[in-house]
Amino acid sequence: METATIAPPIKSEEYFINMGPQHPATHGVLRLLLTLDGEIIKKVEPDLGYIHRSIEKMCERNSYQQIIHLTDRLDYLSSHINNEAVCLAVEAALGVEVPERVKVVRTILDELIRISSHCLWWGVMGMDLGALTSYFYAFRDREMINDIFEETCGARLTMNYNVPGGLMHDIHPNFVARTREFLAHFKTKLPEYDRLLTDNVIFQKRTKGVGVLSRQDAIAFGASGPVGRASGYSCDVRVHHPYSALPKVTFKEALRTEGDSFARYQVRIQEMWESVAIIEQLIDAIPEGPHQVATDAVIKLPKGEFYQKVETARGELGVFIISTGTKNPYRLKFRSPGFSNLSLLNHIAVGGKIGDLVATMATLDLVIPDIDR
Amino acid sequence: MSNDALQALIGSWFPEPEADKLQCSTEGSQYLTISLDPAYLSGLMERLKSSPETQFDYLFCLTGVDWGKELGVVYHLESTTHRHILVVKVQTADREEPCFDSVSHLWPTANFHEREVFDFFGIRFRNHPNLKKLFLTDEWEGYPLRKDYTDEVNMIVK
Amino acid sequence: MLTSSLLFIPSLHDFLFSLLPPGLAKGAEMVLVGIIYLTIFAVAGLFLVLLERKVAARFQLRLGPNRVGYGGSMQTLADALKLLSKELTGTVRADKFLFNLAPYFVIITALMALAVLPFSQSMQVFDINIGLFFLIALSSVGVIGILLAGWGSNNKYAMIGAMRSGVQTISYELSVGLSLVTMVLLAGSLQLSQIVEVQKSGWLIVQGHIPALIAFMIFMIAGTAETNRAPFDLVEAESELGAGFHTEYSGMKFAYFFLAEFINMFIIAAIAVIVFFGAWLSPFGITESLPWLGVFWFLGKTFLVVLLMMWFRWTFPRLRVDQLLTLEWKYLLPLNLANLVLMAVTVWLNLTIQF
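From first to last, the protein sequence lines are chains H, A and B.
Going by UniProt numbering, the first sequence opens with residue 1, and the numbers climb by one from there.
Going by UniProt numbering, the second sequence opens with residue 1, and the numbers climb by one from there.
Going by UniProt numbering, the third sequence opens with residue 1, and the numbers climb by one from there.
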């Protein structure tokens, strides 16, 4: 700055602050150790483990059907996609080909839950920046998705609807009508989101140029999902390793090049539009057929290593199963998107103000159980 | 680059006397898997990342595994330009002081992942910038994800 | 300068003086006025909290409080009683004296400001000739309470909040003061009753047209910042600092801060109404024959301005601290100074609109 030529005679000292484990901006029990100089952030050190349940160890003692229940509790806002990741891995290992109907329904539900997750993120993003109203707008729309899930899956948050070989049971007769109703409703509400937050001058000032992540760093830090895509890094698993009914649909991968918080925001808003487009391509032509193929009551995977990637609302979720041929996995590793996205927080938050850190955290969209596992 | 081409290329990087330290296979996995002696890990990883034919710039998964007798680490690498995937495995029979080279200078994401492995398997990483416990408390005894870990209070043994 | 009649109900004033010796009567009058104003203060505070909750609910597709009393009207009273009965906690190594002193600073300044407001032609306790100056001066005392609270709490979050508050209030006071000075140029007096008197030939926002409109906009922005309300609520930014300067306060001490915030909002709105919208004057003098209606006009206009401030709060995100200062020092202050000159020229060339 132009005023920096005269050094002030004031001696300043760095100090520490504990942000969390109970803090409104950390959305859960994440603890950040901040080193601050006045308002300026010098260092951010995450301290994890406050809700670590060691799901990976629990998986080693459970059968594959049981593991699916545990995946709901990872990133609970993308629970259906997490279920699907394990199911796809197990199906691929067994060599089971699921019916077309299952694939289409899975993808529709994936995109619905992605919209639901992004809705929640959008509401909370506004709240983090001090605009509390957005939260209620988002929840109005999210509620409709939850109703669809409740009817078809029997649960609103932790669905556990996928099983190896298909779906737990067939979709509810109202499913198609309700989803269409939601899409019609949501398409009128998304522009409202833009009017409330996106176009707001203060909002743009708070997010533009804040927490900038370059493409190179995004790849190096293993960023995925909207965080990576906002930096111009094409990392959508749905594009590069399509699964379920995704090869049948066409959609545009949301990409931005700025890499700042506003770009991450825009990517998620665009993803909601893309998800709507994907559902619209599938909802009118759900193939008839069985909702399941029979699998053994006790699933034993062949000896070997199996890796399955899926795109959750937060990014790339990897399920790495090492099997020794028994009914339990020998080792099961979840590569969670939030964990890698958190690791770059220090890199992009240093030098900003406390308010910038909050804006950056909001656009990283961290879900702590996903990080802590 | 196809798996065969990758295998041939990486094999060619190792001169004859060392070649038996390196095993490539696609058996039991959808990806090409390389197992190698930990001593060569750092060199291979650096080459995998920088070589223009491979360009493995994206470390998407880093897993610690307790193989029973040995402790090991599995690296999943992907190239964002060539879109090929490679799995690299190392293991050591030393259960008291297991130690591998850190790859966090190549892929900063490994920083956190290696700390996680250190937490749960007790595997140390040489030249890691900040190797301390990430999830567990500092006074935690033992390494929970090892197969021989016991905890009478918190673990339900079926 | 005290007005000759302290009490705004002349018959009661005469009654007291006929009953008691003058010294005692004066004392009794002061006590009575004190009680009346404390009641106004409490009722207005509670009502504003309720209003805010109802307005927020309407903005957010909700109903708001609707269980206690008719349509939830007793909700805030119930909350106040709850806060009264709560334990007063504090931190271990807090500066006890300053910690306990802080809420009184905030609440007393808010209460003092009420005294000079002309609710109607006769309902004004304290009509000093430097009324506007007195109000501006008081509004800066309140920040001392916030700074003390932040310092005395021995909490880093509270400290950051208090420091932000200091920075914010010192900066925005300039704009509040200058925008009011602009209007004083037009009104020609600092005495509030005089300012209202001038507006009998048109509200000042009409008389002063363009420069008055600019001054009003600056005043609303700076006034919102003075009261530490969104989008300028960095002082208690809950997503950044937990609760800012009042993190460590509980029970009634917290309620004092909370009430003071709402009373301050009322005061800022009242100043806007006095200076720009003719205080208790009815539009086009439609109820000139009924002077007692003045108080309704005054309150009605004030609540409209309060509504505007609530609209801000429930729509805008919060600014960042450096943006807050940039807005003030780089935009509002130069604009304000230019506007002052514009107003001077307008008054000099007699370009005002008068009916």
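The C-beta atom is built at its ideal place from N, Cα and C for all residues, glycine as well.
Since this is a predicted model, take the numbers as computed values, not measurements.
Check	Outcome
So, is Ile10 (chain H) buried or exposed, given that buried needs 16 or more other C-beta atoms within 10 angstroms?	exposed
Mind pulling the chain A residues with CB within less than 7 Å of Arg335 (chain H)?	Phe60, Cys61
Where Ala297 (chain H) and Ile67 (chain H) are concerned, what is the direct C-alpha to C-alpha distance, given to the nearest angstrom?	14 Å
Return the first residue and the last residue of the beta strand (DSSP E) that residue 233 (chain A) is part of.	Only positions 1 to 158 of chain A appear in this structure, which leaves residue 233 (chain A) out of reach.
Could you say which of H:Ala131, H:Thr179, H:Leu167, H:Thr133 lies nearest to Asn146 (chain H) if we only look at CA atoms?	H:Thr179
For the beta strand (DSSP E) containing Leu33 (chain H), list its first residue and its last residue.	31 to 37
Measure how close the beta-carbons of Phe118 (chain A) and Leu131 (chain A) come, nearest whole angstrom, since I'm counting them as under 8 Å.	6 Å
Ile148 (chain H) and Phe186 (chain H) - do their beta-carbons sit closer together than 8 Å?	no
In whole angstroms, what is the alpha-carbon distance linking Leu9 (chain A) and Ser51 (chain A)?	11 Å
Short check: CB of Ser73 (chain B) to CB of Leu51 (chain B), under 8 Å?	no
Which residue marks the beginning of the beta strand (DSSP E) containing His52 (chain H), and which one marks its end?	His52 (chain H) -> no beta strand (DSSP E), and no H or E assigned at all.
Could you say if the segment 357 to 366 of chain H and the segment 20 to 32 of chain H meet the contact criterion of at least three C-beta pairs nearer than 8 Å?	yes
Across which residues does DSSP place Thr63 (chain A) in a beta bridge pair?	A:Val74
Suppose contacts are defined by Cβ-Cβ distances below 8 Å. Is Met1 (chain A) in contact with Glu53 (chain A) by that definition?	yes
Apart from the five residues on each side of it in sequence, which residues of its chain come closer than 7 Å, Cβ to Cβ, to His128 (chain A)?	Ser102, Ser104, Glu114
Would DSSP call Tyr307 (chain H) helix, strand or coil?	strand
Between which two residues does the beta strand (DSSP E) carrying Phe334 (chain H) extend?	331 to 335
Determine, for Arg95 (chain A), whether the minimum Cβ-Cβ distance to residues of chain H falls below 8 Å.	no
Counting only beta-carbon separations shorter than 8 Å, does Tyr316 (chain B) have a partner in chain H?	First, the residue type needs correcting, since residue 316 (chain B) is Phe and not Tyr in the sequence shown. Closer than 8 Å: yes.
Could you tell me the boundaries of the alpha helix (DSSP H) in which Met343 (chain B) lies?	333 to 348
Using a Cβ cut-off of 8 Å (strictly closer), state whether Lys54 (chain B) contacts chain H.	no
Less than 8 Å between CB atoms is the rule here; does Leu213 (chain H) satisfy it with respect to chain A?	no
Rounding to the nearest angstrom, what Cα-Cα distance links Thr3 (chain H) and Ser261 (chain H) in this structure?	A caution first: Thr3 (chain H) carries a pLDDT of 49, below 50, which makes its placement in the model too unreliable to give a value.
Can you give me the C-alpha to C-alpha distance between Phe276 (chain B) and Leu34 (chain H), rounded to a whole angstrom?	46 Å
Is the CB of Val153 (chain A) under 8 Å away from at least one CB in chain H?	no
Tell me which same chain residues have a C-beta within less than 8 Å of the C-beta of Met1 (chain B), skipping the five on either side of it?	Residue placement at Met1 (chain B) is flagged as unreliable, the pLDDT there being 35, under the threshold of 50; the coordinate-derived value follows with that caveat. Contacts found: Asp127, Ile128, Asn129.
Determine the closest residue to Leu32 (chain B) out of B:Phe355, B:Glu328, B:Leu16, with distance taken between C-alpha atoms.	B:Leu16
Please look up how many angstroms separate the CB atoms of Glu274 (chain H) and Lys252 (chain H), rounded, as I've assumed it's under 8 Å.	6 Å
Exposed or buried, what is residue 392 (chain H) when buried is set at 16 or more other beta-carbons lying within 10 Å of its beta-carbon?	Nothing can be reported for residue 392 (chain H), as the shown portion of chain H is limited to 1 through 373.
Mind pulling the alpha helix (DSSP H) runs of 4 or more residues that sit fully within the segment 107 to 143 of chain A?	110 to 121
Please state whether DSSP places Thr169 (chain B) in a helix, a strand or coil.	helix
At a CB distance below 7 Å, what residues from the segment 106 to 131 of chain A approach chain H? Give them in sequence order.	Trp107, Pro108, Thr109, Asn111, Phe112
Nearest to Arg61 (chain H) by CA position, among H:Leu357, H:Arg268, H:Arg331, is which residue?	H:Arg331
Using a Cβ-Cβ distance under 8 Å, would Tyr143 (chain A) count as near chain H?	no
From what residue to what residue does the alpha helix (DSSP H) around Ile286 (chain H) run?	Careful: Ile286 (chain H) lies outside any alpha helix (DSSP H) and carries neither H nor E.
Under a Cβ-count criterion, where at least 16 other Cβ atoms within 10 Å of its own Cβ denotes burial, should Asp14 (chain B) be classed as buried or exposed?	exposed
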